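Following: one structure in structure tokens, then a few remarks.
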Amino acid sequence: MNEEERVELAEILFPSIKTTRDEIEEKYPERSLEEGAKVTRFAPSPTGFMHVGNLESAFLDYIFANQSKGIFYLRFEDTDQERYVEGATDLIKSSLETFDILPTEGALNGGVYGPYVQSERKEIYQTYIKDLIIKGLAYPCFMTKEELQEIREGQELRKEAIGVYGPYAADRDLSLHEIKKHLDNGDEYVIRIKSPGEVNNTVTLHDLIKGDITMPENMIDEVIMKKDGLPTYHFAHVIDDHLMHTTVVIRGDEWVPSYPKHLQLCQILGFKVPKYAHYAPLTKKDEETGNVRKLSKRKDPEFSVEYYEKQGIPAEGVKLFLSTIVNTNFEEWYLQNTDKSYLDFNFSFKKMPTGGTLFDVEKLNNICRTYFSRESAEKIYDDSLPYFKKYDEEFYRVMTDNKDRLISFLDIERNGKRPRKDIATYKDVKTESIYMFDEYFFGDKEKTYSEIDKENVDIELLKKYLNVFDENDDNETWYSKIQVLAEENNYADILEIYVK
Ligand code: GLU
């Protein structure tokens, strides 16, 4: 096809696209940011499920943008309409709000680089595709499902690379006349990019986390626009990251194999290639097999972000835990810096693990204990109230009726050198204090003290305790009396002996 024919074809395929590529580029000027400021994006597909890996992604975007005084924006990638679930964007929004990982701009709060929902950017993508058609860099492909299947089977049999490329790209060089015939027939088509890739060429991904990864160059004529007129993820995100001036693409390492494709698209489109940081998946030891595997939606409740709220795990605790996961030197720093938060830490891609990261709920609990041990009794009280209001109204009432008492209870041994670490979740506020409230201690309220299981209570010991107990004693005096009492009655007087 000569240029004139390509222009004609582009008009036939995209009659309603009147904008030009240059006009669009003008609407998305360079951002004026300080030197070194990172522009990151969280780009989930609204599929109705938000997992802790997504949260990790958003957290990393937030952290790196924040600490470089950059921009963190939210973009919904909903071009795969079959996977789209009604209400899914609300779940993403509410999760980001719950964990206070709020983007600076994007689908939640707008901005001048929008729209931030891919399905609302169809005209933009089509403008670029029309331009590629005019330049002879993309073409309509009318191959049917059956034809593609047949090619695939042959390739599998011959152990060749799978896909439409070289001799298999039958529609690459159709004449304008042939294309018109297909269109007159009403044949469905997709648009494919003409890959300039060669079989033996390689490309190197300079990954900020994993270092250099060399892979075969892409040689497949990838689909860039589907039959429904919407672009594929691969095409759309390359366009968006370019126009929205993303400087670092932070995403799960399941995308590493797609990098050659994305790099090639950037090159064909003449875009500057952003930096990439592919982080390792979250893993755990399978209880049944003992093997380390990826966290799974089906098997692991902790994979879903909803789990944390329901368990009463504080958002700050989850973020501290994510910090330990993403930077191997974080935990030590946090334990040493008792008055600091994760926001004060200098996160770096170089300290990110390159292999799978073990997701250990016990570790999460421990870091939450440390977190709570550094908070004031009032704050723990205030922060746990909404949890009980939502999940346990009865205890919520107990809390509000006994505010001062509960705060005094939470304040015991809180402000010394080694503050108590009995609280790991909001739930623990109840489990640890419950014995103070008769309605819980005696369950059905019908029971009285006289009904306590006397056989299992050492009444004599209690009497002895009452004899030595003096409410005016300070902490140390009280404790040494307890030790004496314990020793005299054959109980361990220090924890180490008991543990032995
Ligand atoms: N929409 C993609 C997903 O949800 C995001 C991949 C990316 O961040 O580039 O998996």
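Residue 6 is where the sequence shown starts when you use the numbering used here, and the numbers rise one by one after that.
Using N, Cα and C, we set each Cβ at its ideal position, and we do this for glycine too.
These numbers were taken from a predicted model, which means no experiment stands behind them.
So the candidates are the options; which of them puts its Cα closest to the Cα of residue i?
i: ARG298; options: PRO279, GLY360, LEU348 and VAL462; result: GLY360
i: GLU16; options: SER378, ALA382, ILE138 and GLY317; result: ILE138
i: PHE54; options: GLU91, LYS43, GLU28 and PHE364; result: GLU91
i: LEU390; options: THR405, ASP217, VAL254 and LEU490; result: THR405
i: TYR376; options: LEU363, PHE350 and ASP344; result: ASP344
i: ASP291; options: TYR503, TYR284, MET357 and LEU300; result: LEU300
i: GLY202; options: LEU287, LEU268, GLU311 and LEU235; result: LEU268
i: ASN371; options: LEU327, LYS384 and LYS394; result: LEU327
i: ASP189; options: GLU161, VAL122 and PHE147; result: PHE147
i: GLU193; options: GLU399, THR294 and PRO145; result: PRO145
i: TYR312; options: LEU153, GLU437, PHE64 and PHE104; result: PHE104
i: ILE198; options: GLN160, ASP388 and ASP136; result: ASP136
i: ILE22; options: VAL57, TYR347, ARG126 and LYS315; result: ARG126
i: LYS302; options: LEU287, LYS315 and THR294; result: LEU287
i: SER398; options: LYS432, LYS32, LYS422 and PRO306; result: Residue 398 is actually Glu in this sequence, not Ser. When each option's Cα is compared against that of GLU398, the closest is LYS432.
Please confirm whether any heavy atom of the ligand GLU lies closer than 7 Å to the CB of residue i.
i: SER309; result: no
i: GLU87; result: no
i: TRP338; result: no
i: HIS242; result: yes
i: PRO201; result: no
i: TYR284; result: no
i: GLU444; result: no
i: PRO49; result: yes
i: TRP260; result: yes
i: GLU61; result: no
i: GLU82; result: yes
i: TYR386; result: no
i: TYR144; result: no
i: TYR67; result: no
i: TYR264; result: no
i: TYR238; result: yes
Does at least one heavy atom of the ligand GTP sit under 7 Å from the Cβ of residue i?
i: ARG256; result: Ligands in the displayed structure: the ligand GLU; the ligand GTP is not one of them.
Using the rule of at least 16 other Cβ atoms within 10 Å of the residue's Cβ for burial, across every protein chain shown, is residue i buried or exposed?
i: ARG163; result: exposed
i: VAL1; result: Nothing can be reported for residue 1: it is not among the residues displayed for the chain, which extend from 6 to 505.
i: ILE417; result: exposed
i: MET34; result: According to the sequence provided, residue 34 is Pro. The question's Met does not apply to it. Classification of PRO34: exposed, given that the 10 Å Cβ count is below 16.
i: ARG46; result: buried
i: PRO265; result: buried
i: GLN341; result: exposed
Could you give the DSSP three-state label for residue i: helix, strand or coil?
i: PHE276; result: coil
i: PHE352; result: coil
i: PRO34; result: coil
i: GLY171; result: helix
i: LYS185; result: helix
i: ASP217; result: strand
i: MET6; result: coil
i: SER309; result: strand
i: ASP443; result: helix
i: PRO145; result: strand
i: GLY1; result: As shown, the chain starts at 6 and ends at 505. That puts residue 1 outside it, with no answer to give.
i: THR482; result: helix
i: THR207; result: strand
i: ARG425; result: coil
i: ARG197; result: strand
i: TYR284; result: strand
i: ARG163; result: coil
May I have a chain-ordered list of the alpha helix (DSSP H) segments no shorter than 4 residues that lie completely inside the region 32 to 80? Scanning the region 32 to 80 for uninterrupted alpha helix (DSSP H) segments of 4 residues or longer gives 57 to 72, listed from N- to C-terminal end.
Complete runs of the alpha helix (DSSP H) confined to the region 338 to 385 [at least 4 residues]: Runs of the alpha helix (DSSP H) inside the region 338 to 385: 366 to 378.
Ranges of the alpha helix (DSSP H) found wholly within the region 219 to 280, counting only runs of at least 4: Listed in chain order, the complete alpha helix (DSSP H) runs (minimum 4 residues) inside the region 219 to 280 are 238 to 248 and 264 to 274.
Pick out the complete alpha helix (DSSP H) segments inside the region 81 to 105, 4 residues or longer, and give them in chain order. Fully enclosed alpha helix (DSSP H) runs of 4 or longer: 93 to 103.
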